[in-house]
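In UniProt numbering, the protein residues as written are 1 to 431. A virtual CB, placed ideally from N, CA and C, is assigned to each residue, including glycine. Contents: one structure, followed by commentary.
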């Protein structure tokens, strides 16, 4: 192309020139062309649109970073990197070229923190900040206080001392803590009245007498691994979803305490994780049975005895994980007491097999389930075989849809006896 023709091309409006990039498949070709002239650079920005809205630094060659930041900086809303040195470079470039940055997901270390924090403070529009550390000591507070719009904070592998600094961030709406250190939930979050979601991997519950109300009036989701609790959990009026990981000897009734009657009217989703079955599980199952507003239940290590306590009219979804002691009869007992159940995952129950289908269909008919709103049963292929393909239903009354589970991770090795055919599965008076 001679100079005269090139001059005539760049005199075209950038909007029109941006169409050239539609014919270039390789990103390198687009970047090479864009760097030949300011007008072609502007055309590249138009063509890119929101393609670089969330910039994953590891997915791009280092040599292209500066140009992409400088050309598309105003449209970049998020930057992420899992490598420390890349993160440092990303923050510096974002501070220079990205006035509208809202999300920043980076890895940090104490030896680089003093270099990063002056640039991080300049990102005044950041709302979502996620920091990954290796437990190195980092003084976060002075820097985070410079981010007035910060609403979501995720801290991974920070030590307890540095985590506790953030208790002054009263504007936070979403807080996620993943650390090997146990953190007192009240001490960290008592002043965060705007919290809508809180996730802590290892938490302790110890709320001083007289400090129960008002605590976290807007909290909708709470996910905690409870290491110890010295007091019961206060009633959280907006709480809809509760995920709890607990020790085998923990009792739900003690956790809910005097608030169980209030949670019975408001809690909609409950997920429970425990390491092993203990006698306490029976009491926990009875407590679950009191939560009359519950719509979704995810739990592990259940057995037939525990399932009989779960009779909830509002319950729509149940996932049973690693529950090798649950048999067909246990599933049928639970289904009898949950007439609105429409999604049931028994892929973690190795003793539940295709012989459950016929009596299950009978219960669905008794509950007046309609073909346009069937029960979806998720199963292990090895236990159900051809029933997965045929759904084993009456073609004139399709009340049951059987599907194969894609998740095999949650199933622990099977150790219980698995009878080829259990008479109790087929007997109407056995459940």
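A direct Cα-Cα distance of roughly 14 Å separates residue 315 from residue 241. Annotated three-state conformation of residue 266 is helix, per DSSP. By alpha-carbon distance to residue 227, the top candidate from 260, 179 and 203 is 203.
When DSSP states are grouped into helix, strand and coil, residue 258 belongs to the helix group. Segment contact: the segment 213 to 230 against the segment 257 to 267, fewer than three CB-CB distances shorter than 8 Å; contact not assigned. Taking the C-beta atoms as reference points, residue 252 is found no nearer than 8 Å to residue 234.
Secondary structure of residue 249 (DSSP, three-state): coil. With 16 or more other CB atoms across the displayed protein chains lying within 10 angstroms of its CB, residue 321 is buried. Here the C-alpha atom of residue 105 lies approximately 43 Å from the C-alpha atom of residue 311. In this structure, residue 170 lies near residue 193, with their beta-carbon atoms less than 8 Å apart.
For residue 165, no alpha helix (DSSP H) encloses it, and the DSSP letter there is neither H nor E. Between residue 274 and residue 301, the C-beta spacing is below 8 Å. Sixteen is the threshold: since fewer than 16 other Cβ atoms of the shown chains lie within 10 Å of the Cβ of residue 210, the residue is exposed. Where residue 158 is concerned, there is no enclosing beta strand (DSSP E), because DSSP gives it neither an H nor an E.
Apart from the 5 residues on each side of it in sequence, residue 83 sits with its Cβ closer than 7 Å to the Cβ of 58 and 107 in its chain, given in chain order. Here DSSP, grouped into helix, strand and coil, assigns residue 403 to strand.
For residue 178, the uninterrupted beta strand (DSSP E) segment begins and ends at 174 to 178. Annotated three-state conformation of residue 331 is helix, per DSSP. The beta carbon of residue 86 lies closer than 6 Å to those of 57 in the same chain, with the five residues before and after it left out. Ranked by Cα distance from residue 338, the first of 208, 375, 152 and 348 is 375.
Within the model, the alpha-carbon separation for residue 269 versus residue 111 is close to 42 Å.
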